[in-house]
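Engineer: First the structure, then my questions, so here it is.
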Amino acid sequence: MELCVALDLPSAEENLSLAESLKSYDIWMKVGFRSYIRDGKPFIEALKKINPDFKIFLDLKLYDIPNTMADAAEEIAKIGVDMFNIHASAGPVAMKTVMERLSAYKNRPLVLAVTALTSFDEENFQAIYEKSIDEKAEQFAKMSYENGLDGVVCSTFESRAIKEATSEKFLTLCPGIRPFGEDAGDQQRVATLELANQEGVDYPVVGRPIYKESNPQAKVEQILEVIAGF
Ligand code: C5P
């Protein structure tokens, strides 16, 4: 299990100062829409300057026609990030096209597919996808696995079933982690590190429970200690 810290602070300066305080740890940094649209590639470079070994997950959730997605995937590979994601509902042709195009890159980034956005409740999800979240998440995961992706973004509660339907090695990255049962905020289905470990989660994503702490460094240390004990 590898910790992924969500850099969701309101400015590049605040995110970089959080990264600076965490530079001695072997962790992933999640760069999202807001941050990337505002701060772009120089922000990624600034993170790498703080610690060249930080692993970067670019959370842009690509969704377009296959060729456009593959073009974007290539640009992402050129930036030198370590992981990015696409929407599984873009479908098998998009998945194949992206993976084929990336095969030309020696150290290609890992590619994950978003199964179901956690903001959906069952009713709204079914209105679009005509299946339950669990059922569709598993179907999307199988599709991603069969088309060569490395894993999926899902909730902790779907991680085990997805691994059973695909492979133990198929990666699961799960937001909504409250390492020691902290405040859930707006997340609906939260899980502790302990539960994430039981469910085979590879990358627990933690935002607020770290950056809202007065001492984020101490919090990360506590988390890493627990992970080391698994
Ligand atoms: O602060 P918190 O730990 O809830 O942050 C979770 C992070 O994971 C946020 O950046 C959020 O946008 C992201 N995320 C999520 N649910 C998804 C996909 C991404 O919470 N399905």
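So in my numbering, spot 148 of the sequence shown is number 163, and the numbers just go up one at a time.
Where is the CB? At the ideal position from N, CA and C, for every residue including glycine.
1. Using the Cβ count rule (16 or more neighbours within 10 Å means buried), how would you classify Val108?
2. If distances are taken between C-alpha atoms only, which option among Ile65, Glu17, Gly191 comes closest to Thr207?
3. DSSP three-state label for Val205, please.
4. Are Leu62 and Phe69 closer than 7 Å when you measure CB to CB?
5. Ordered along the chain, which non-local residues of its own chain (more than five positions away) have a Cβ less than 6 Å from that of Val9?
6. Can you give the beta carbon distance from Ser110 to Leu164, rounded, assuming they're within the 8 Å contact cut?
7. If distances are taken between C-alpha atoms only, which option among Ser182, Arg223, Leu186, Lys184 comes closest to Asp201?
8. My output table needs one value for Leu117: the three-state DSSP class, helix, strand or coil.
9. Could you tell me the distance, in whole angstroms, from the CA atom of Ile52 to the CA atom of Asp41?
Structural biologist: Based on what the coordinates show:
1. exposed
2. Gly191
3. coil
4. yes
5. Outside the shown range of the chain (16 to 245) lies residue 9, about which nothing can therefore be said.
6. According to the sequence as given, residue 110 is Met; it is not Ser. Contact flag correct, Cβ pair sits at about 6 Å.
7. Arg223
8. helix
9. 26 Å
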